[in-house]
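Residue numbers (our numbering): 80 to 355. Let me begin by presenting the structure, written as structure tokens, before commenting on it.
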Amino acid sequence: MSQPVNAPQLPPPPLQRGWTGTRITGHVLVALWAVAGAYLLYYLASNLLSSFVANYWDDYVDGIVVTIQLVVMSMVLGALLSLPIALARSSRNIVLSGIAYAYVYFFRGTPLLAQTFLIYYGAGSFQPLFSDLGIWWFFRDAWYCAVFAFTLNTSAYQAEILRGAVLNIDKGQWEAASALGIRKGVTFWKVILPQAMIVALRPYGNELILMIKGSAIASIITIYDLMGETRRAYSRSYDFQAYIWAAVLYLIVVETLRRIWDKLEARLTRHLKRNG
């Protein structure tokens, strides 16, 4: 007897998944990762009261403070610098947009390590000129050179983030503001830029995390950030757990900042979420 046309169709039975080689390999790898993670936690817990932690923990805390100071200062200065760069990139003036494009292209296309070396070690070649200008005190200090290099680097990335966010805003808002007789400058600062900053929140958070991890480069030019303190602790103790603790502390800092940024983004975008 044939089934009625309007009768409900039963879902097909689930496919029986056999234990293929791929599934077995995946389960083995997951088990190995779980064992490695459990052993790492056991290793760290068993070394909390070790002489290494007792001797160098305060140095690690100081290194974290220096790392955060370096990254926050660079991010803030980079944000201030990125605004005129983004405006220049969007300018109809070919010379202005060309200079901004070259700036962004260079700092996004070359390694941060090379940029830091170029500023820190290359400045010595211009010592007489900088001394005559009265700014040699700036370039002879590793801290200022690191902040300068990091600021230039992140400003290029932030400029592209900001420019992309501004372009993401509907052009109809520009036209509506123009129809109301509002000047373009007022429209940009009061209407477009606040919306663009909300769009750019997630990319800005990613840039912050990348800067935290990239800040380890500063240790190469004698700055005792977290990685600098780690290298010094290892050179004195020759204990490999120095780098294990550094990795864990970087992970804690990154995860803490990520959660704070998620809370900030959720609060600033709460008006965009529908209830129910």
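Note that the Cβ used here is the ideal one computed from N, Cα and C, for glycine as well. Treat the numbers as computed from the prediction; the structure is a model and nothing was measured.
7 angstroms Cβ cutoff met for residue i and residue j
i: T348; j: A221; result: no
i: A179; j: I240; result: no
i: A275; j: V245; result: yes
i: T189; j: A228; result: no
i: S298; j: T146; result: no
i: S169; j: A238; result: no
i: A167; j: L175; result: yes
i: T335; j: A325; result: no
i: Q252; j: V265; result: no
i: V150; j: M290; result: yes
i: T233; j: S125; result: no
i: R187; j: A235; result: yes
i: I288; j: V333; result: yes
i: T104; j: G157; result: no
i: Y122; j: A312; result: no
i: G284; j: W216; result: no
Simplified DSSP assignment, three categories, for residue i
i: L156; result: helix
i: W98; result: coil
i: A279; result: coil
i: L127; result: coil
i: F319; result: coil
i: Y303; result: coil
i: R190; result: Just to set this straight, residue 190 is Pro in the shown sequence, not Arg. P190 falls in the coil class under three-state DSSP.
i: N134; result: helix
i: Q274; result: helix
i: N285; result: helix
i: T266; result: helix
i: Q88; result: coil
i: T335; result: helix
i: R171; result: coil
i: T146; result: helix
i: P93; result: coil
i: T104; result: helix
i: T348; result: coil
Where residue i falls, given that 16 or more other Cβ within 10 Å makes a residue buried
i: E254; result: exposed
i: D249; result: exposed
i: F218; result: buried
i: S130; result: exposed
i: W98; result: exposed
i: R408; result: With the chain running from 80 to 355 in the structure shown, residue 408 is simply not present.
i: I296; result: buried
i: A193; result: exposed
i: G142; result: buried
i: L120; result: exposed
i: A110; result: exposed
i: L191; result: buried
i: D211; result: exposed
i: L328; result: buried
i: Y303; result: buried
i: A345; result: exposed
i: Y199; result: buried
Segments of 3+ residues assigned as beta strand (DSSP E) that fall wholly inside the region 193-263: none
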